[in-house]
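Down below is the structure, laid out as structure tokens.
There are 2 protein chains.
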Amino acid sequence: MKTIELDDDLYFYIASQTRHIGESASDILRRLLEQSAHAKLNAAPRQAEPLTPATVQTMAPVTQDKSGIQALLASGALQQEEKSINRFMLLLGALYRDDPAKFTQATEIKGRKRVYFSQDPEALRASGSTTKPKPVPDTPFWVITNTNTSRKQNMVAQLMASMGYDEALIAEACGTV
Amino acid sequence: MKTIELDDDLYFYIASQTRHIGESASDILRRLLEQSAHAKLNAAPRQAEPLTPATVQTMAPVTQDKSGIQALLASGALQQEEKSINRFMLLLGALYRDDPAKFTQATEIKGRKRVYFSQDPEALRASGSTTKPKPVPDTPFWVITNTNTSRKQNMVAQLMASMGYDEALIAEACGTV
DNA sequence: GATTCGATCGGAGGGATAGTTA
DNA sequence: TCTAACTATCCCTCCGATCGAA
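Which chain is which? The protein sequence lines are A and B, in order. Each residue of the first sequence is one higher than the last, beginning at 1 in the working numbering. Each residue of the second sequence is one higher than the last, beginning at 1001 in the working numbering.
And the structure:
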């Protein structure tokens, strides 16, 4: 058991979320957090700072025993999402956070005519007739969105392959899109 | 400041969500929780057990210094919701939880022909031509849904008035729908 | 011919607005 | 008849399967 300090209002908020008598703080928080990855998809799309090649060089990849995508896949947060586009966005965000530099590099994958990723939505719009660009949450990138599910899976597969993830993880990620 | 105990794994999970050096547990949790109310709206609609008059009698209202709707209104979770129907559902859920018996009683409000609330979706469907009943998450009730925003506000106002909330709170709740 | 890619268009959900009733 | 309250049609947006093009 660990102990943490909380502001009073937050403490009362959490306490108010008790559903069963005798529930522990961990129980309540687990329930509340279980699904929280969800919301950022609907929040006002916050764009991260545009990346320059220089800054990309200096950004260290996340180093930890479990990568962000692995955590995301394991968390079940993706299963909470009904629409494949939401699962897609969540995956892209996690991939970006795991290694912004590699992600940026991998971002160069494209279709026959359409550009799939860009920091400039206009570049995406210009590359096809109805690409429907959308921002990838918490990221400086935009993606095209007028695609069927298998293409979304495909984009994730190409992206992850380019970033150097192994087969198994790629397959798992694609399976959840 | 309050202190709570957490399971180790939850503690480490929360710590791993640090975005800024020196962030406090409250900062991190606020970020994670801010939006978590959201997810249940998209989850498979889980119906609570149907209520019988007998069980309603025995359910005690939530007793605490801050009611659930107050906590909800203060939490900013509603502002995360883009669609008014989602804010509406969140409010209804909170009202139910604050006092199931009074909520059940208040549930008798209705329109000229349409029945607004029922534990049986068919009753709602039968009361109008396109009522679009939907379950209120974590609740045994269904609501009609084919309404404009002002009617939703109206329904919340009537419901809360019947439950005995004061003017100011009602106004605030309606304002956020 | 087979496969990959693009983007049209059908379907669903939300809710403003037009229509109805008291 | 005029208005206020209520209903539900119907438009708009978003998603993504399907079909056409390369």
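The C-beta atom is built at its ideal place from N, Cα and C for all residues, glycine as well. Note that the structure is a prediction, hence the values are computed from the model and not measured.
Going straight from the alpha carbon of Arg87/A to that of Leu72/A, what length do you get? 10 Å
Tell whether a beta-carbon distance below 8 Å holds between Lys1178/B and Ser1084/B. The structure shown does not extend to residue 1178/B, since chain B spans only 1001 to 1177, so no value can be given for it.
Tell me whether the segment 1154–1173 of chain B and the segment 1093–1105 of chain B touch, counting them as touching only if at least three CB pairs, one residue from each stretch, are closer than 8 Å. Between the segment 1154–1173 of chain B and the segment 1093–1105 of chain B, the count of Cβ pairs shorter than 8 Å is three or higher; the stretches touch.
Going along chain B, which residues have a C-beta under 7 Å from Ala123/A? Residues of chain B passing the Cβ test: none, with the nearest at roughly 27 Å.
Any non-hydrogen atom of the ligand NAD closer than 7 Å to Glu82/A Cβ: No copy of the ligand NAD appears in this structure; indeed no ligand is present at all.
Considering only C-alpha positions, which residue in the set Lys1132/B, Ala1171/B, Arg1097/B is nearest to Arg1114/B? Lys1132/B
Distance between Leu1090/B and Ala15/A (C-alpha atoms, nearest Å): 18 Å
If you scan the segment 1129–1173 of chain B from start to end, which runs of the alpha helix (DSSP H) of 4 or more residues do you find wholly inside it? Within the segment 1129–1173 of chain B, the complete alpha helix (DSSP H) runs of at least 4 residues are 1149–1163.
Pick helix, strand or coil for Lys1113/B, following the three-state DSSP scheme. coil
Do you know offhand how far Glu1005/B's Cα is from Ile4/A's? 7 Å
Contact check, Leu1169/B vs Ile1069/B under 8 Å by CB: the rounded distance? 7 Å
Run through chain A and tell me which residues come within less than 7 Å of Leu1010/B, C-beta to C-beta. Ser26, Leu29, Arg30
Start and end of the beta strand (DSSP E) containing Lys2/A? 2–6
What does DSSP give as the partner residue(s) for Ser1067/B in the beta ladder? Per DSSP, none; premise fails for Ser1067/B.
Counting only beta-carbon atoms, is Asp998/B nearer than 8 Å to chain A? One cannot answer for residue 998/B here, as it falls past the ends of chain B, which runs 1001 to 1177.
Can you list the residues of chain B that Thr3/A reaches, using a CB-CB cut of under 9 Å? The answer, in chain order, is Thr1003, Ile1004, Glu1005, Leu1006, Tyr1011.
Measuring CB to CB, does Ser1118/B end up less than 8 Å from Trp1142/B? yes
Please tell me whether Thr1176/B and Leu1078/B are closer than 8 Å, where the distance is taken between their beta carbons. yes
Beta-ladder partner(s) of Ser118/A, from DSSP: Trp142/A
Have a look at Asp1138/B and His20/A and give me their C-alpha separation to the nearest angstrom. 13 Å
Express the C-alpha separation of Lys1002/B and Tyr1011/B in angstroms, rounding to a whole number. Distance between the alpha carbons of Tyr1011/B and Lys1002/B: 16 Å.
Under the rule that 16 or more other beta-carbon atoms within 10 Å means buried, what is Ser1150/B, buried or exposed? exposed
Beta carbon of Ser1129/B nearer than 8 Å to that of Asp1098/B: no
Check each candidate in Ser26/A, Asp7/A, Gly76/A and name the one with the smallest Cα separation from Asp1008/B. Relative to Asp1008/B, the option among Ser26/A, Asp7/A, Gly76/A whose CA is nearest is Ser26/A.
I'd like to know whether the C-beta atoms of Met155/A and Tyr116/A end up nearer to each other than 8 Å. The answer is yes: Cβ separation under 8 Å.
Got a sec, what are the start and stop residues for the alpha helix (DSSP H) Ser1084/B sits in? Start and end: 1084–1098.
How is Ala15/A classed by DSSP in three states: helix, strand or coil? helix
For His1125/B, which option in Ile1144/B, Ala1157/B, Gln1080/B has the closest C-alpha, if you only look at C-alpha atoms? Checking the displayed sequence, the identity of residue 1125/B turns out to be Arg instead of His. Ranking Ile1144/B, Ala1157/B, Gln1080/B by Cα distance to Arg1125/B puts Ile1144/B first.
Give me the Cα-Cα distance between Asn146/A and Asn1148/B, rounded to the nearest whole angstrom. 30 Å
Does any C-beta atom of chain A lie closer than 8 Å to the C-beta of Ala1071/B? yes
Give me the chain A residues within the contact set of Ser1084/B, using Cβ-Cβ distance strictly less than 8 Å, ordered along the chain. Under the 8 Å cutoff, chain A gives no residues; its nearest Cβ is about 13 Å from Ser1084/B.
Reference Ala1173/B, options Tyr1013/B, Arg1030/B, Gly1076/B, Leu1029/B, closest by Cα: Gly1076/B
Partner residues on chain A for Ser1075/B, Cβ-Cβ distance less than 7 Å: Tyr13
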